[in-house]
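According to the numbering used here, numbering within the sequence shown proceeds without interruption in unit steps and concludes at 427. Ideal Cβ positions, reconstructed from N, Cα and C, are used throughout, including at glycine. The structure appears below as structure tokens.
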Amino acid sequence: MFLLSTILLHKKKYHLNVNERNSRLSTTDLFLEIIKQSVPYIFTDSSITLFFLIDQYTFNRAMLLVKHYSKDQLDFFYALFAANANKLTTIVLSLAVAMAVSLTPLLSSMITKKK
């Protein structure tokens, strides 16, 4: 087992050394690519936060239009309404954005290759 792990580690290290010599990427190019990839997440998460802020300020007024609840009841209802919704929504939408960002170039390349 030790011999196998040593061989695999040496092989992996050899491949890393070969790849380091072959690829010359600048740090600025890497940072620019990271920034380009993060823009959809930033817009999506900031819009989600904005919508939750709008919900927070309009929930009591909207519920008062439906029925006259006390302030304590409205606070309790909002706590139920917003307990984990923001966490779940953020997770689901982040996954959706990640899939869209990663699949769009793949699909467009497949369309251009007509597969």
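ask   = What's the C-alpha gap between K399 and I360?
value = Taking the sequence shown and counting its residues from 1, one reaches residue 399 at position 87. Taking the sequence shown and counting its residues from 1, one reaches residue 360 at position 48. For K399 and I360, the distance between alpha carbons rounds to 10 Å.
message = Under 8 Å: do the segment 399-419 and the segment 347-362 share three or more Cβ pairs, one atom per stretch?
response = yes
task = Determine the extent of the alpha helix (DSSP H) in which A406 is found, giving its start and end residues.
result = Here residue 406 refers to the residue found at position 94 when the sequence shown is read from its first residue. According to the sequence provided, residue 406 is Ser. The question's Ala does not apply to it. Segment 397-425, the alpha helix (DSSP H) holding S406.
request  = Counting only the same chain and skipping the five closest in sequence on each side, list residues whose C-beta sits under 8 Å from that of Q349.
outcome  = One-based indexing of the sequence shown puts residue 349 at position 37. The residues are V413.
task = Look up S359 in the DSSP assignment and say whether it is helix, strand or coil.
result = Looking up residue 359 in the sequence shown gives position 47. Here S359 sits in helix by DSSP.
message = Can you look up K383 in the DSSP assignment and give me helix, strand or coil?
response = Counted from its first residue, the sequence shown places residue 383 at position 71. K383: helix per DSSP, three-state reduction.
query = Do you know how far the Cα of M411 is from the Cα of F343?
reply = Stepping through the sequence shown from its first residue, residue 343 is reached at position 31. Stepping through the sequence shown from its first residue, residue 411 is reached at position 99. Rounded to whole angstroms, F343 to M411 spans 21 Å at the Cα level.
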